[in-house]
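Since the structure comes first, as structure tokens, the remarks are kept for the end.
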Amino acid sequence: MKMTRCQLRQRCRDLEAQDKKHRRRITRLEKQMVELQTRNAELLNSLAASKKNSRNSSKPPSSDIVKAPAEPKRKPRGGKRRIGAQKGHPKHERPDFAPEQIDHAIDYRLDCCPVNASHELVSTDQIQTTLQQVELVENPFVVTEHTAYMSWCGDCGCHHSASLPGEVSAAGLFGPRLTSFVVFLKGRLHSSYSAIECLLEDVLGLNVSRGYLAKLLQKASRAFEAPYEELLQALPAQPTLNIDETGHKENAERLWTWCFRAPAFVVFKIANRSSEILMDLLGTQFKGILGCDCYSAYRKYARTCGVLLQFCMAHLIREVKYFCEHPDKHVQKYGEGLLDSLKGLFHILHRKDQMSEKTFQRKLDEAEEKMWEAALAPRSSPDRFGGRHPPRLVENMVVRFINHGEGYFRFITSPGVEPTNNSAEQALRFVVIDRLITQGTRSLRGRLASERLWTVLATCRIQKRSAFEWMLQAITAHYKKQPAPSLLQKTADNQS
Numbered sequence: 447m448k449m450t451r452c453q454l455r456q457r458c459r460d461l462e463a464q465d466k467k468h469r470r471r472i473t474r475l476e477k478q479m480v481e482l483q484t485r486n487a488e489l490l491n492s493l494a495a496s497k498k499n500s501r502n503s504s505k506p507p508s509s510d511i512v513k514a515p516a517e518p519k520r521k522p523r524g525g526k527r528r529i530g531a532q533k534g535h536p537k538h539e540r541p542d543f544a545p546e547q548i549d550h551a552i553d554y555r556l557d558c559c560p561v562n563a564s565h566e567l568v569s570t571d572q573i574q575t576t577l578q579q580v581e582l583v584e585n586p587f588v589v590t591e592h593t594a595y596m597s598w599c600g601d602c603g604c605h606h607s608a609s610l611p612g613e614v615s616a617a618g619l620f621g622p623r624l625t626s627f628v629v630f631l632k633g634r635l636h637s638s639y640s641a642i643e644c645l646l647e648d649v650l651g652l653n654v655s656r657g658y659l660a661k662l663l664q665k666a667s668r669a670f671e672a673p674y675e676e677l678l679q680a681l682p683a684q685p686t687l688n689i690d691e692t693g694h695k696e697n698a699e700r701l702w703t704w705c706f707r708a709p710a711f712v713v714f715k716i717a718n719r720s721s722e723i724l725m726d727l728l729g730t731q732f733k734g735i736l737g738c739d740c741y742s743a744y745r746k747y748a749r750t751c752g753v754l755l756q757f758c759m760a761h762l763i764r765e766v767k768y769f770c771e772h773p774d775k776h777v778q779k780y781g782e783g784l785l786d787s788l789k790g791l792f793h794i795l796h797r798k799d800q801m802s803e804k805t806f807q808r809k810l811d812e813a814e815e816k817m818w819e820a821a822l823a824p825r826s827s828p829d830r831f832g833g834r835h836p837p838r839l840v841e842n843m844v845v846r847f848i849n850h851g852e853g854y855f856r857f858i859t860s861p862g863v864e865p866t867n868n869s870a871e872q873a874l875r876f877v878v879i880d881r882l883i884t885q886g887t888r889s890l891r892g893r894l895a896s897e898r899l900w901t902v903l904a905t906c907r908i909q910k911r912s913a914f915e916w917m918l919q920a921i922t923a924h925y926k927k928q929p930a931p932s933l934l935q936k937t938a939d940n941q942s
């Protein structure tokens with residue numbers, strides 16, 4: 447049926463109204479889609495963040511409260527592996543005490559023949575069995591009473607007093623060795639004052655208060671002050687330094703423990719978490735290479751003072767593994783490409799001894815080039831990673847490589863520089879354990895004592911010294927008002 451002009455006009459008005467209605471609906475749906483896409487991205491990032499653990503991020507292992515079920519282990523050939531030492535494992539035995547270390551020797555000989563008492567026995571020097579036994583003595587300490595008497599002088603008409611030796615008065619109740627023992631328990635074994643008090647009373651029969659034990663630690667702190675300051679002064683002259691930091695509690699104040707790992711010693715410093723600590727300890731005269739993570743304080747110090755950085759490859763590997771497990775497929779693809787290039791780099795590093803120096807360097811250069819290609823792939827091939835606006839995680843990593851990428855490969859051109867920051871992290875692990883047990887410090891005096899004690903223990907461990915013997919020498923020298931032994935004495939030996 448043919449429509450009239452009026453009907454056509456009405457039909458047009460109806461279609462225009464429907465078009466406006468559809469346009470409003472499309473606009474509303476587009477807005478909802480953008481909101482849902484944004485919300486979906488937030489949920490994906492939240493889901494990915496919840497999957498962060500010590501394996502794919504910088505989180506400590508203690509934060510892995512809920513761990514995924516372990517993958518089933520492949521059964522070894524020949525059945526279940528038995529507990530204990532395995533077949534072919536070399537036997538390890540403690541060496542016997544030297545003759546000069548033996549205090550008592552008891553010989554056992556037969557009085558008569560065990561078969562027939564009427565048989566005549568002839569004693570020989572042939573040894574059947576020797577057992578060396580160590581035991582605590584009933585009173586494992588000596589008590590020395592120092593008495594100063596007064597004398598009457600008839601000419602002066604007064605008494606004159608003899609004085610105690612200065613080192614005796616300085617030591618007080620506990621001598622240098624017992625003081626060193628208490629400090630060793632406090633520092634190396636992370637013992638509380640209550641635990642040390644209990645040990646001294648129950649095992650040694652010494653009844654002292656926790657306050658007195660705290661005073662002993664302060665005496666040791668003063669004895670360690672000069673060697674500690676000597677190490678601080680030596681930091682700017684080091685060719686390489688690995689630095690890391692961890693949180694520290696001091697009452698309600700949030701501080702940080704900084705670890706400076708030099709080739710032959712370690713220094714700990716408790717301060718705020720900013721680049722100021724780097725300026726205070728290293729200043730502008732440091733010309734070595736800093737091994738560290740990507741924390742902004744290191745980048746700011748390097749930018750201000752022109753210092754070269756070596757970023758930790760282990761941190762980068764964990765970040766890349768996090769990318770590979772991310773729900774976003776573009777982040778996954780980017781992470782997988784970076785991870786493959788990292789595997790290639792470390793495949794070469796682990797086979798350094800199997801190549802000539804020239805071949806090793808050539809393959810390192812090739813591996814570095816592949817890493818650059820993988821890191822900057824979103825710039826050269828944007829369509830593979832979400833177009834002109836890739837995911838935020840990918841874009842941040844690309845920008846990091848553009849601005850600071852050279853810091854990941856400093857170890858290739860600088861001999862003696864490690865690709866990871868493991869040395870500083872391992873030195874700091876001891877402090878983290880101490881913090882978890884002792885819950886930090888309460889005053890400036892406690893902070894200084896912790897810094898110095900941790901420095902002594904970590905440095906002696908690196909130099910393969912006895913920390914107890916060094917502390918004994920330092921405390922004895924302090925009581926006698928003599929210079930303490932240096933913690934730099936073995937540095938020259940290690941470098942020669």
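Going by this note's numbering, the first residue of the sequence shown is number 447, and it counts up by one from there.
For each residue, glycine too, the CB sits at the ideal point set by N, CA and C.
What you are looking at is a predicted structure, and each value in this text was computed from that prediction instead of being measured.
8 angstroms Cβ shell around residue i - same chain, five flanking residues per side excluded
{"i": "PRO929", "result": "ALA672, ALA923"}
{"i": "CYS458", "result": "none"}
{"i": "ARG527", "result": "none"}
{"i": "ASP799", "result": "none"}
{"i": "LEU624", "result": "PHE587"}
{"i": "GLU812", "result": "none"}
Proximity below 8 angstroms, CB of residue i to CB of residue j
{"i": "LEU882", "j": "PHE847", "result": "no"}
{"i": "HIS850", "j": "ARG745", "result": "yes"}
{"i": "PHE769", "j": "TYR780", "result": "yes"}
{"i": "ASN867", "j": "CYS758", "result": "yes"}
{"i": "HIS761", "j": "PRO837", "result": "no"}
{"i": "ILE716", "j": "ARG907", "result": "no"}
{"i": "LYS632", "j": "GLN885", "result": "no"}
{"i": "ARG634", "j": "LEU903", "result": "yes"}
{"i": "GLN684", "j": "GLY737", "result": "no"}
{"i": "ARG856", "j": "VAL844", "result": "no"}
{"i": "SER638", "j": "MET917", "result": "no"}
{"i": "LYS804", "j": "LEU785", "result": "no"}
{"i": "LEU663", "j": "ALA895", "result": "yes"}
{"i": "ASN697", "j": "ARG891", "result": "no"}
{"i": "GLY790", "j": "LYS816", "result": "yes"}
Identity of the residue in the options nearest residue i by Cα
{"i": "ALA594", "options": "SER609, HIS850, PHE627", "result": "SER609"}
{"i": "LEU754", "options": "LEU727, GLY853, GLN679", "result": "GLY853"}
{"i": "THR901", "options": "TYR925, LEU874, ILE879", "result": "LEU874"}
{"i": "PRO622", "options": "GLN872, LEU839, ALA666", "result": "ALA666"}
{"i": "CYS559", "options": "ASP553, ALA551, THR590, SER569", "result": "SER569"}
{"i": "ARG944", "options": "GLN731, ILE735, LEU727, TRP702", "result": "Since the displayed the chain opens at 447 and closes at 942, residue 944 lies outside it and no answer follows."}
{"i": "VAL712", "options": "ARG808, LEU619, GLU897, CYS452", "result": "GLU897"}
{"i": "PHE582", "options": "LEU650, LYS926, LYS533", "result": "As written in the sequence, residue 582 is Leu, which differs from the Phe given in the question. Nearest option by C-alpha distance: LEU650."}
{"i": "GLU819", "options": "PHE806, SER787, LYS798, ARG834", "result": "SER787"}
{"i": "TYR741", "options": "ILE689, GLN731, ALA531", "result": "ILE689"}
{"i": "GLU864", "options": "GLY729, THR686, PHE732, PHE806", "result": "THR686"}
{"i": "GLN574", "options": "VAL561, ALA743, ALA563, ASP553", "result": "ASP553"}
{"i": "VAL840", "options": "ARG797, GLY783, GLY790, THR887", "result": "GLY783"}
{"i": "VAL877", "options": "THR473, CYS604, GLY693", "result": "GLY693"}
{"i": "ASP444", "options": "LEU556, ASN562, VAL561", "result": "Residue 444 lies beyond the residue range present for the chain, which begins at 447 and ends at 942; the question has no answer from this structure."}
{"i": "ASP648", "options": "GLU591, GLU691, ASN585, CYS602", "result": "ASN585"}
Close Cβ partners of residue i (< 7 angstroms) along its chain, the five nearest in sequence each way excluded
{"i": "LEU810", "result": "ILE794, ILE858"}
{"i": "ASP542", "result": "GLN578"}
{"i": "LEU490", "result": "PRO773, ASP774"}
{"i": "ALA514", "result": "At ALA514 the pLDDT is 49, less than 50, meaning the model places this residue with poor confidence; the figure from the coordinates comes in the next sentence. Same-chain partners within the cutoff: there are none."}
{"i": "GLU462", "result": "none"}
{"i": "SER496", "result": "none"}
{"i": "ILE642", "result": "VAL628, LEU631, LYS632, LEU659"}
{"i": "LEU652", "result": "LEU646"}
Heavy atom of the ligand MN within 7 angstroms of residue i beta-carbon
{"i": "HIS796", "result": "You won't find the ligand MN in this model; it holds no ligand whatsoever."}
Cβ shell of residue i (< 6 angstroms), same chain only, five flanking positions each side left out
{"i": "TYR747", "result": "SER721, LEU724"}
{"i": "VAL580", "result": "none"}
{"i": "TYR674", "result": "ARG898, THR901"}
{"i": "HIS606", "result": "SER597, CYS599"}
{"i": "ASP880", "result": "HIS636"}
Expected contact under 8 angstroms - CB spacing of residue i and residue j to nearest Å
{"i": "GLU676", "j": "SER932", "result": "6 angstroms"}
{"i": "LEU727", "j": "LEU681", "result": "6 angstroms"}
{"i": "TYR925", "j": "ALA531", "result": "Wrong, their Cβ atoms sit about 47 angstroms apart, outside the cutoff."}
{"i": "PHE670", "j": "ALA913", "result": "Wrong, their Cβ atoms sit about 11 angstroms apart, outside the cutoff."}
Below 8 angstroms, can you find three or more Cβ-Cβ pairs linking the segment 646-660 to the segment 689-708?
The answer is no - the segment 689-708 does not touch the segment 646-660, with fewer than three Cβ pairs under 8 angstroms.
Is the number of C-beta pairs between the segment 641-656 and the segment 907-919 that are closer than 8 angstroms three or more?
With the cut-off at 8 angstroms, the segment 641-656 and the segment 907-919 do not touch.
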